[in-house]
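Read the structure below first, then the notes.
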Amino acid sequence: MKIKDHFLSQEIFEIKETETKGVFKTSPIPSNISKYYESEDYISHHQDSGSIKEKLYKFLQSFNLQYKKNILLDRIKKGSRVLDYGCGAGEFVKYIENDFETFGFEPDSDARTAAQSKISKAEILDNIQKIENTSLDAITLWHVFEHIENQDEMLNLFHEKLKDKGLLIIAVPNPTSYDAQHYKEYWAAYDVPRHIYHFSKNGMENLISKNPNWKMRKIKPLVLDSYYISMLSEKYKKSPLFWLKATIYGTISNIKGIFSSEFSSLIYIIEKR
């Protein structure tokens, strides 16, 4: 399947299935991938600009932050040690730092500076190796795992850092959701080449099941993602009344997801063996 980088470069990339059924990879991966993040509109790397898109993003984000925190509170005790890997500008770290001993990892210096300016208790790191092995109760990756090329290596590293039965919580877009099927090559969550990998629900289950270090515990939806992704997809299509169409198709996607479990984005709660 050929996909255009609608967000920035307008270049064409191809998505090909890997040896793991249901897991797809963007091709080619540019050697200078960092330049594809160089935009003031890249939401993870800047603070409030006042744009309509960002105001909507922040509005939806406030609900998502509480939902994500509840996932942790339902499974680990307050005061547990949590790493938010790829924490961006630090919104989730800031939101949970009073409930947990919280760390954020962020490789981008601008985003890391933005995160540090917001938090009061948490620690923002530029190197995950600063965290002791078998010391974390949970590691979260909120729309980060799809950006990582050396995934096997990182899964091994996460395994080292977690305590026995520690949780790895991964949220990624789902290319077999209704909104993905509806928008096809315009589906914003393909986001090539920044999204290196793409995971169907079965694909993520296959990836985890073949790794003896991990056990899939639960899969949960991120129901608000369908609206934001649909809005961007409609804008890429240059649709009039893009917000109205996004509301319609985002709602249809969620209704269909109730019956199929194929929501626009899925959260995988994975336990260290």
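To convert a position in the sequence shown, counted from 1, into this note's numbering, add 47.
Note that beta-carbon positions come from the ideal geometry of N, C-alpha and C, so glycine has one too.
If you look at Gly297, you'll find it in the alpha helix (DSSP H) that goes 289-307.
Taken atom to atom, the span from the alpha-carbon of Lys319 to that of Lys124 is near 17 Å. According to DSSP, Lys265 shares a beta bridge with Ile316.
Every alpha helix (DSSP H) stretch that sits fully inside the region 135-164 and reaches 4 residues is listed by chain position as 138-143. Between the C-alpha atoms of Glu193 and Gln57 there is a straight-line separation of about 20 Å. The residue among Glu196, Leu204, Ile166, Lys231 with its C-alpha nearest the C-alpha of Glu148 is Ile166. Apart from sequence neighbours up to five positions away, the residues of its chain that approach Arg264 with a beta-carbon distance below 8 Å are Leu214, Ile316, Ile317, Glu318, ordered along the chain. About 5 Å separates the CB atoms of Ser312 and Pro220; that is less than 8 Å, so the two are in contact. Asp155 and Leu55 have their C-alpha atoms spaced approximately 19 Å apart. Within its own chain, the residues whose Cβ lies closer than 6 Å to the Cβ of Phe246, once the five positions on either side in sequence are excluded, are Val70, Val219, listed in chain order. Straight through space, the alpha carbons of Trp290 and Val129 are spaced by roughly 36 Å.
The C-beta separation of Phe139 from Lys168 comes to about 14 Å, leaving the pair out of contact by the 8 Å criterion. Proximity to Ile255 across Glu153, Ile216, Lys303, Leu279 peaks at Ile216, based on C-alpha coordinates.
Going by DSSP, Gly213 is part of the beta strand (DSSP E) stretching over 209-220. With the rule of 3 Cβ pairs closer than 8 Å, the region 220-230 counts as touching the region 267-280. Linking Glu309 to Lys248 through their CA atoms gives a straight-line distance of about 7 Å. According to DSSP, Lys63 shares a beta bridge with Lys72. Taking 8 Å as the cut-off, the beta carbon of Ile118 is found closer than this to the beta carbon of Ile314.
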